[in-house]
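All remarks here apply to the structure that follows.
Residue numbers (the numbering used here): 672 to 1023.
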């Protein structure tokens, strides 16, 4: 999955359309993740009736100013968690939408799958990305800065307390130590990251690239009885009908034609009265004017309903090999024995 995201961002791919499409996807997901994160915080503060002094959207940061002393401890804890949880919720919506669209459209476009995967990974790393931006911007210990010391709500104060430092700052003010706040922040981010990881896991498993990963998991862990593996020479009933239709219409030089013979036979085992297998043999012969017949192609309808074209390999491993040879006239009409087991034939033949 990591390779799928980064394979188009190598230096060799700079001149390709895929490089710029993937780069645009990452840039869009990075900005949307940040926007959804802070919009969730803004909505939470507005819903809680907390006065807001500033809400400014920048290219890589959203500034929300409020007075921490106006909210309770639980509201501050919820505020730290709500941004990351909002991104996880949006990823959940993307997962459900991807599954629904893959059913409705039969296949979700590869670009849409890459977008959801990129958004999922950035959501998983959301607390780290927010922390890096806050550290780079200096969004911590705002009251120690000259322009913020006297009036934190002033437009000249460009500092806001970052999410990772909110509880540290609060506990420092209440308990004279921010260690407790740092511990609370760590626990909150572990919890929200586990939720994001679970959502991303379900997206990758159920929805990414139309469930490709789910198919791989089933192939690895499913029981043998759950697999459907067609025979090497298996063909569909429609294909067989087309072959037979063309054989009926075929005419060769000098009046040569092709005839179709159908033989339905039952293979039984005298040592096991419950054993019984019914098969249908369909043969196409090229018939010369003098009546000479040459086998062109032949097929078997096996007891499980599958239709296979008979070649030398199938003929050698077919449990009713001698019965089949009787139908083709390769052996006499005497008693048939297959691998030491006496086999009885009930044969009904028709020829076209």
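Where a beta carbon is used, it is the ideal one built from N, C-alpha and C, also for glycine.
Classification of residue i by the beta-carbon crowding that lies within 10 angstroms, buried from 16 upward
i	result
residue 711	buried
residue 892	exposed
residue 798	buried
residue 754	buried
residue 681	exposed
residue 861	exposed
residue 1001	Any reading at residue 1001 needs caution, since the residue's pLDDT is 48, under 50, leaving its predicted position unreliable; the model's value is listed next. By the 10 Å Cβ count, residue 1001 comes out exposed.
residue 686	exposed
residue 801	buried
residue 656	No information on residue 656 is available, as it lies outside the stretch 672 to 1023 that the chain covers here.
residue 847	exposed
residue 785	buried
residue 970	buried
residue 854	exposed
residue 857	exposed
Residue i versus the options, residue with shortest Cα-Cα distance
i	options	result
residue 788	957, 751, 807, 766	766
residue 974	958, 926, 936, 928	936
residue 933	906, 820, 953, 851	953
residue 904	870, 977, 850	977
residue 772	878, 948, 682, 720	878
residue 790	881, 880, 769, 703	703
residue 718	692, 746, 695	746
residue 910	683, 814, 786, 980	980
residue 949	817, 883, 972	972
residue 873	705, 696, 769, 742	769
residue 807	832, 774, 818, 966	832
residue 809	777, 894, 830	830
residue 618	737, 697, 944, 941	The requested residue 618 is not part of the displayed model; the chain covers only 672 to 1023.
residue 917	818, 688, 967	967
residue 782	963, 697, 713	697
Within 7 Å, strictly: CB atoms of residue i and residue j
i	j	result
residue 751	residue 812	no
residue 958	residue 928	yes
residue 707	residue 761	yes
residue 923	residue 960	no
residue 647	residue 870	This structure leaves residue 647 out entirely; the chain is present only between 672 and 1023.
residue 794	residue 907	no
residue 734	residue 725	yes
residue 930	residue 956	yes
residue 779	residue 887	no
residue 683	residue 690	no
residue 721	residue 742	yes
residue 884	residue 875	yes
residue 863	residue 756	yes
Any non-hydrogen atom of the ligand FMN closer than 6 Å to residue i Cβ
i	result
residue 894	The ligand FMN is absent from the structure shown, which contains no ligand whatsoever.
> Mind pulling the beta strand (DSSP E) runs of 3 or more residues that sit fully within the segment 941-971?
Replying inline: 943-958
>> Check whether the segment 839-851 and the segment 717-737 are in contact - that is, three or more C-beta pairs closer than 8 Å.
In response: no
>> Please give the ranges of any alpha helix (DSSP H) in the segment 740-784, keeping only runs that are unbroken, at least 4 residues long and fully inside the region.
In response: 744-775
> What beta strand (DSSP E) runs, 3 residues minimum, are completely inside the segment 864-931?
Replying inline: none
> Which full runs of the beta strand (DSSP E) of 3+ residues lie inside the segment 798-841, going along the chain?
Replying inline: none
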